[in-house]
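Position 318 of the sequence shown, counted from 1, bears residue number 375 in the numbering used here, the numbering being contiguous throughout. Ideal Cβ placement from N, Cα and C applies to all residues, glycine included.
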Amino acid sequence: MTGSGALRFLARRVLHSAVVLLGVMVVVFALVHLVPGDPVRIALGTRYTEESYQALRAASGLDRPLLEQFVSYVGHALTGDLGVSFRSGEPVTTTLLQRLPATVSLAVVGLLVALAISLPAGIWSGLHEGRLSDAVVRVTSQAGVSVPDFWLGQMLILVVAMTLGLLPTSGYVALSQDPAGWARHVLLPGLTVGLVAAAIMTRYIRTAVLEVAHAGHVRTARSKGLPPRVVTGRHVVRNAMIPILTITGIQLATILGGVIVVEVVFAWPGLGRLVFDAVAARDYALVQGAVLLIAVLFLVVNLVVDVLYSVVDPRIRLS
Numbered sequence: 058m059t060g061s062g063a064l065r066f067l068a069r070r071v072l073h074s075a076v077v078l079l080g081v082m083v084v085v086f087a088l089v090h091l092v093p094g095d096p097v098r099i100a101l102g103t104r105y106t107e108e109s110y111q112a113l114r115a116a117s118g119l120d121r122p123l124l125e126q127f128v129s130y131v132g133h134a135l136t137g138d139l140g141v142s143f144r145s146g147e148p149v150t151t152t153l154l155q156r157l158p159a160t161v162s163l164a165v166v167g168l169l170v171a172l173a174i175s176l177p178a179g180i181w182s183g184l185h186e187g188r189l190s191d192a193v194v195r196v197t198s199q200a201g202v203s204v205p206d207f208w209l210g211q212m213l214i215l216v217v218a219m220t221l222g223l224l225p226t227s228g229y230v231a232l233s234q235d236p237a238g239w240a241r242h243v244l245l246p247g248l249t250v251g252l253v254a255a256a257i258m259t260r261y262i263r264t265a266v267l268e269v270a271h272a273g274h275v276r277t278a279r280s281k282g283l284p285p286r287v288v289t290g291r292h293v294v295r296n297a298m299i300p301i302l303t304i305t306g307i308q309l310a311t312i313l314g315g316v317i318v319v320e321v322v323f324a325w326p327g328l329g330r331l332v333f334d335a336v337a338a339r340d341y342a343l344v345q346g347a348v349l350l351i352a353v354l355f356l357v358v359n360l361v362v363d364v365l366y367s368v369v370d371p372r373i374r375l376s
């Protein structure tokens with residue numbers, strides 16, 4: 058693909074992403090205002106007086122019409138200003154950037170655990186269809202899909218942290234401050250996220266390998282007498298990488314935006330727990346900002362996966 062072709066592709070994807078983000082902002086803005094409860098009254102709590110209520114309502118812009126609030130929100134968001142949190146009084150952008158490293162750490166560790174398990178298991182199962190090892194992988198992955206992540210997390214805490222005392226039960230240490238402490242704290246929540254994701258990915262990878270293994274070009278390669286190692290590596294696994302990349306990207310995006318329960322179980326100070334607390338407190342600005350950031354992460358991951366398609370298979374053109 059030429060440089061101009063890549064630029065056109067990126068321009069189209071950026072435009073498409075902008076439309077998607079605008080749709081996300083409309084939906085989230087509408088939903089948070091439909092949730093029962095007065096955020097100003099909740100934020101004031103025992104400090105509530107009629108004067109303080111009206112003052113905070115005016116300061117936060119909630120006394121204006123909804124359309125005016127939305128237009129103002131979009132205008133400020135374009136400049137990176139996502140408003141101010143009701144509860145903390147801090148800028149939402151600052152709060153999100155403080156929480157982002159914890160969620161990224163958890164997502165990366167969880168994805169590495171998932172890939173370390175699902176890649177060999179899924180490929181092996183797909184290449185040995187109908188054998189005992191295939192049945193073991195299928196039953197194990199089915200059981201893994203059926204296990205709720207909150208239950209798995211609590212079991213890991215009970216056995217590994219409380220009974221064996223090998224790892225801390227909860228908490229977070231920044232990687233830049235103490236790498237060893239970060240590793241000890243991220244291992245249990247990372248295993249929880251990774252084991253659940255591995256069960257899902259193993260099934261997708263097995264299916265992808267099976268489809269390629271039964272394709273005509275693979276049968277032709279076998280009929281030519283090519284060694285099984287060459288057929289597997291060059292014709293099966295390589296051609297199965299596109300669906301594997303797809304499910305890996307989807308899982309990474311899902312982990313980045315969907316580990317709320319795991320973060321709550323392990324008291325992990327990431328975006329998921331932030332959204333959980335913000336929804337409970339009706340902190341409109343924080344909920345909108347967090348969902349918008351998660352949507353941006355999702356779009357970036359999908360863009361990277363699209364670009365990787367052409368790297369894995371040059372026949373695929375980004376245009």
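Shortest alpha-carbon distance to residue i belongs to which of the options?
| i | options | result |
| --- | --- | --- |
| Val141 | Arg121, Leu354, Ala342 | Ala342 |
| Val131 | Val76, Pro177, Ala159 | Val76 |
| Glu147 | Ile262, Trp325, Ser117, Leu354 | Ser117 |
| Phe207 | Gly222, Leu189, Leu252 | Leu252 |
| Val358 | Gly329, Gly327, Val332, Gly314 | Gly314 |
| Val202 | Ala254, Asp235, Gln155, Val269 | Ala254 |
| Ala347 | Arg330, Leu360, Asp363 | Arg330 |
| Val92 | Ala338, Trp325, Gly187 | Ala338 |
| Glu268 | Pro236, Gln234, Val364, Ile301 | Ile301 |
| Leu172 | Leu350, Leu78, Thr305 | Thr305 |
| Val165 | Val71, Val217, Pro96, Leu244 | Leu244 |
| Ser175 | Val287, Val266, Gly282, Pro284 | Val266 |
Taking C-beta to C-beta, are residue i and residue j nearer than 9 Å?
| i | j | result |
| --- | --- | --- |
| Gln199 | Ala256 | yes |
| Val319 | Pro225 | no |
| Thr289 | Ala178 | no |
| Gly167 | Thr249 | yes |
| Leu113 | Leu101 | yes |
| Val81 | Phe127 | no |
| Thr150 | Leu135 | no |
| Val322 | Phe333 | no |
| His28 | Leu64 | For the chain, the structure presents residues 58 to 376; residue 28 sits outside this window and is missing. |
Kindly give me the distance between the Cβ atoms of residue i and residue j, rounded to whole angstroms, as I take these residues to be in contact under 8 Å.
| i | j | result |
| --- | --- | --- |
| Thr160 | Leu328 | 4 Å |
| Asp340 | Phe143 | 5 Å |
| Val316 | Leu163 | 6 Å |
Checklist entry - Are there three or more Cβ pairs, one per stretch, closer than 8 Å when the stretch 211-224 is compared with the stretch 295-304? => result no
Checklist entry - At what residue ranges does the stretch 165-237 contain a whole run of the alpha helix (DSSP H), taking only runs of 4 or more? => result Correct list: 189-203, 206-213.
Checklist entry - Okay, do the stretch 274-284 and the stretch 227-242 touch, 3+ Cβ pairs below 8 Å being the bar? => result no
Next on the checklist: Is it the case that the stretch 260-267 contacts the stretch 183-194, given that we only count it when at least three CB pairs across the two stretches are under 8 Å?
Outcome noted: yes
Checklist entry - Between the stretch 300-312 and the stretch 352-369, do at least 3 Cβ pairs fall closer than 8 Å? => result yes
Next on the checklist: Suppose only complete runs of 4+ residues qualify. What are the alpha helix (DSSP H) ranges in the stretch 322-370, listed by chain order?
Outcome noted: Runs found: 328-337, 341-369.
Next on the checklist: What ranges does the alpha helix (DSSP H) occupy inside the stretch 115-148, keeping only unbroken runs of at least 4 residues that lie completely in it?
Outcome noted: DSSP runs (the alpha helix (DSSP H)) wholly in the stretch 115-148: 123-135.
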